[in-house]
Amino acid sequence: MRKLHYLLFAMIMGLAVSFTSCSSDDDSPIDPTPKIPVANKTIADILALVDGDVAVKITEDIIFEGTVVSNQLESNNFYRVIYVQNGETAIKISCTKASAGDHYYESFKMGDKIIFKAKDSYVANYKGTITLGESEAVGDDARYLVTSYTDEKLREIATKGNEPTAITPKIITIGDLTDAMVGTLVKIENIQFMTDFVGSKLGVAMKSEEADWSNYNRSLIQKNRKTIVLRTSKSASFAEANIAEESGSITAILGKYGSTYQLYLRKAEELSLTANRFDLEVIPNSFENPFTAEQAIATNSGDQVWVKGYIVGVLSGTGSGAFEAPFTVHTNLLIASDANETDVAKCLSVQLPTGKVRTDINIKDNAVNHKKEVLLRGNLEAYYGQPGIKSVDAYKLGEETFIPIKAEGFFVEQFNGDLGEFTQFSVSGDQVWAHNSGAAKMSGYSSGATFANEDWLISPKVSLVGKTAAKLIAVYKASLYGAEWSTCSIVVSTDYDGNTANIATATWTALEGFNGVDGGYKVELPAGFQGKEIYYAFKYTCNAEKSVNWQIQETSITE
249 MRKLHYLLFA MIMGLAVSFT SCSSDDDSPI DPTPKIPVAN KTIADILALV DGDVAVKITE
309 DIIFEGTVVS NQLESNNFYR VIYVQNGETA IKISCTKASA GDHYYESFKM GDKIIFKAKD
369 SYVANYKGTI TLGESEAVGD DARYLVTSYT DEKLREIATK GNEPTAITPK IITIGDLTDA
429 MVGTLVKIEN IQFMTDFVGS KLGVAMKSEE ADWSNYNRSL IQKNRKTIVL RTSKSASFAE
489 ANIAEESGSI TAILGKYGST YQLYLRKAEE LSLTANRFDL EVIPNSFENP FTAEQAIATN
549 SGDQVWVKGY IVGVLSGTGS GAFEAPFTVH TNLLIASDAN ETDVAKCLSV QLPTGKVRTD
609 INIKDNAVNH KKEVLLRGNL EAYYGQPGIK SVDAYKLGEE TFIPIKAEGF FVEQFNGDLG
669 EFTQFSVSGD QVWAHNSGAA KMSGYSSGAT FANEDWLISP KVSLVGKTAA KLIAVYKASL
729 YGAEWSTCSI VVSTDYDGNT ANIATATWTA LEGFNGVDGG YKVELPAGFQ GKEIYYAFKY
789 TCNAEKSVNW QIQETSITE
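Mapping of the sequence shown onto this note's numbering: residues 249 to 807, in sequence order.
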């Protein structure tokens with residue numbers, strides 16, 4: 249037995265020696281923690297490489313770090329992208345899903361530290377947002393400038409840091425926004441949704457929108473009428489959230505597409521609307537101080553308002569527009585604060601009424617007006633299901649200004665319901681001056697035929713005693729139908745006694761400069777009529793072949 253014990257002991261010692269001989273003083277224990285790269289550059293260094301709207305390859309051995317400020321799994325509102333922020337700069341990383349299993353980009357939670365090896369990647373300014381991708385986009389995808397990282401590549405170059413770090417949002421106003429903030433986490437206080445969106449849902453189509461859109465825009469506004477778009481995916485976890493009328497604050501990622509700043513919400517609780525709705529500031533409005541298209545969209549109420557914007561296209565249907573010539577619509581326009589705007593939601597829809605305004609500024613017949621700045625006067629109200637301006641009656645386009653004359657002064661006749669204080673008198677023909685659709689109307693055409701006529705519409709006596717610069721105003725519409733405009737005239741008399749039997753014996757002076765078919769007429773009366781009592785009349789004549797259709801909408805005498 250003793251020999252057996254010795255033999256076993258020897259065998260054990262021999263094994264021990266053999267194991268010890270396999271080790272070396274140079275060997276070190278295995279560290280189960282992956283080695284984390286060390287950053288040698290910042291996000292700002294990456295942004296500095298961007299050169300216009302082309303993809304730039306990163307050839308340096310650049311490693312940057314930052315804090316993840318968005319996550320797809322937590323909101324479903326950041327499809328295939330990660331926003332990473334470092335200080336006051338940020339960048340968007342474009343990603344793709346894994347072919348199977350978990351998607352690596354979704355593993356980066358908000359607040360996680362990320363260390364990124366950027367060498368051989370490409371960076372570009374895509375539609376206003378600096379974006380990092382795996383390679384330069386080509387072919388049908390060239391418009392995106394860079395391609396998304398494959399899941400495999402992202403696992404190779406992106407590493408999660410050890411210590412999560414929360415980013416404190418920068419508190420700003422809409423007016424403070426700059427391109428340098430794009431991609432960063434911001435907070436805007438004292439904000440509310442525009443009235444048109446109250447009661448709708450963040451990511452569900454309204455009646456004016458298509459149900460199959462991927463994203464939906466909802467506009468927020470501050471007291472000073474500055475607005476910004478909140479863009480929400482229809483797949484977002486909060487897409488069904490109702491839009492409240494109250495005011496409050498929003499914390500979100502600032503984005504940009506083209507010229508439009510946008511907000512991307514990370515979670516529902518970062519939209520906090522609990523305060524009473526506020527009134528918007530009253531902005532003085534005039535020809536000299538018009539609303540911008542953006543302000544008009546935000547206001548969308550008010551009569552006889554002046555609005556300034558660029559003609560960018562036409563409405564082709566509810567919620568859709570055409571922005572490139574040739575244009576096939578002449579009844580409306582889209583104007584915007586940016587001459588290159590192509591987002592209908594950022595445009596003010598313009599109804600062009602029949603007449604001079606439509607004739608002069610529509611872009612179907614006047615293609616040269618496309619992208620020109622225009623000043624319009626009309627009533628702000630919804631048109632085609634979106635903020636608009638209707639009943640446009642005045643404009644300034646280039647060097648041409650058209651502002652229709654309005655009756656005003658110490659004597660005014662607007663023909664409300666009848667001919668008012670005016671008297672009609674027919675010298676010849678059966679057709680006479682009569683009230684029609686809010687105006688005094690005369691035409692020699694009746695029942696399919698034209699008849700010769702001479703007809704007068706005569707004012708009551710108007711005293712100009714004590715007046716030295718009295719002016720006559722006439723607002724009218726006229727259709728010539730091949731007739732001569734000279735068959736219509738405005739005449740004035742100081743010796744007419746008010747008895748229509750004496751029209752032929754009274755002295756009547758035709759006013760000069762009365763030769764415009766559209767709009768109106770305003771002229772200072774000749775010196776011989778100043779300080780006296782006068783009558784004036786609208787004199788109409790036509791032959792049996794052609795006749796003018798003349799409608800006097802209102803008339804007045806003013807100083």
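Ideal Cβ positions, reconstructed from N, Cα and C, are used throughout, including at glycine.
Beta carbon of residue i, beta carbon of residue j: below 8 Å?
i	j	result
Thr566	Ser456	yes
Ile721	Thr806	yes
Gly646	Lys619	no
Gly569	Leu596	no
Ile545	Ile611	no
Phe539	Val530	no
Val605	Leu582	no
Ser549	Leu628	yes
Ser813	Phe526	Outside the shown range of the chain (249 to 807) lies residue 813, about which nothing can therefore be said.
Ser727	Asn797	yes
Asp309	Lys401	no
Glu313	Ile363	yes
Val740	Tyr784	yes
Ser795	Ser691	yes
Please classify residue i: does DSSP put it in a helix, a strand, or coil?
i	result
Gly636	strand
Met690	strand
Tyr327	coil
Glu807	coil
Asn670	With the sequence shown as reference, residue 670 is identified as Phe, and Asn is not the correct amino acid for it. Phe670: coil per DSSP, three-state reduction.
Gly696	coil
Val616	helix
Gly677	coil
Ile278	With a pLDDT of only 47 at Ile278, under 50, the local geometry of the prediction cannot be trusted, and no value is derived from it.
Ser347	coil
Thr735	helix
Asp273	Residue placement at Asp273 cannot be trusted, given a pLDDT of 45 that sits under 50; what the coordinates show is reported in the next sentence. If DSSP states are grouped into helix, strand and coil, Asp273 belongs with coil.
Gly451	coil
Ala296	coil
Asp427	helix
Ser383	coil
Thr753	coil
Ile782	strand
Tyr353	helix
Val592	helix
Gly776	helix
Thr407	strand
Thr789	strand
Ala492	coil
Ile706	strand
Lys604	helix
Ile609	helix
Thr742	coil
Ser481	strand
Is there at least one Cβ from chain B nearer than 8 Å to residue i's Cβ?
i	result
Thr413	Absent from the structure: chain B. Only one protein chain is present.
Candidates the options: which alpha carbon is nearest residue i's?
i	options	result
Val371	Asn797, Ile498, Leu380	Leu380
Arg466	Ser495, Arg479, Lys375	Arg479
Gln634	Asn410, Trp756, Ser685, Asp591	Asp591
Lys817	Gly692, Glu322, Ala292, Gly657	Only positions 249 to 807 of the chain appear in this structure, which leaves residue 817 out of reach.
Ile415	Ala758, Leu295, Gly359, Leu581	Gly359
Arg514	Lys725, Asn610, Phe326, Val739	Phe326
Ile311	Gln320, Asp301, Asn324, Asn288	Asn288
Pro412	Ala731, Ala785, Val317	Val317
Gly665	His578, Ala655, Gly779, His683	His683
Ile501	Leu511, Gly387, Tyr784	Leu511
Gly503	Tyr724, Glu648, Gly314, Gln333	Gln333
Val302	Leu393, Ile291, Gly409, Lys357	Leu393
Glu315	Asn324, Thr307, Tyr331, Ile306	Inspection of the sequence shows that residue 315 is occupied by Thr rather than by Glu. Checked all of Asn324, Thr307, Tyr331, Ile306; the closest Cα to Thr315 is Tyr331.
Lys375	Leu425, Arg391, Gly387, Asn580	Arg391
Thr602	Gly636, Asp641, Val616, Arg625	Asp641
Gly779	Leu563, Thr742, Ala292	Thr742
Lys719	Ile653, Gly668, Val680, Thr607	Ile653
Gly776	Ser483, Gly761, Lys787, Thr757	Thr757
Ala630	Ile751, Met442, Tyr464, Asn319	Met442
Pro285	Ala338, Lys361, Ile294	Lys361
ask   = What are the uninterrupted segments assigned as alpha helix (DSSP H) that are 4 or more residues long and contained completely in the segment 504 to 585, given in chain order?
value = 541 to 547
request  = Please confirm if the segment 334 to 344 is in contact with the segment 397 to 417, defined as three or more CB-CB distances below 8 Å between the two stretches.
outcome  = yes
inquiry  = For the segment 586 to 605 against the segment 504 to 513, do three or more pairs of beta-carbon atoms, one drawn from each stretch, fall closer than 8 Å, so that the two count as touching?
reply    = yes
query = Does the segment 674 to 681 touch the segment 693 to 701, meaning 3 or more C-beta pairs lie closer than 8 Å?
reply = yes
query = Pairing CB atoms from the segment 657 to 667 with CB atoms from the segment 794 to 805, are three or more of them under 8 Å?
reply = yes
task = Please confirm if the segment 419 to 437 is in contact with the segment 447 to 462, defined as three or more CB-CB distances below 8 Å between the two stretches.
result = no
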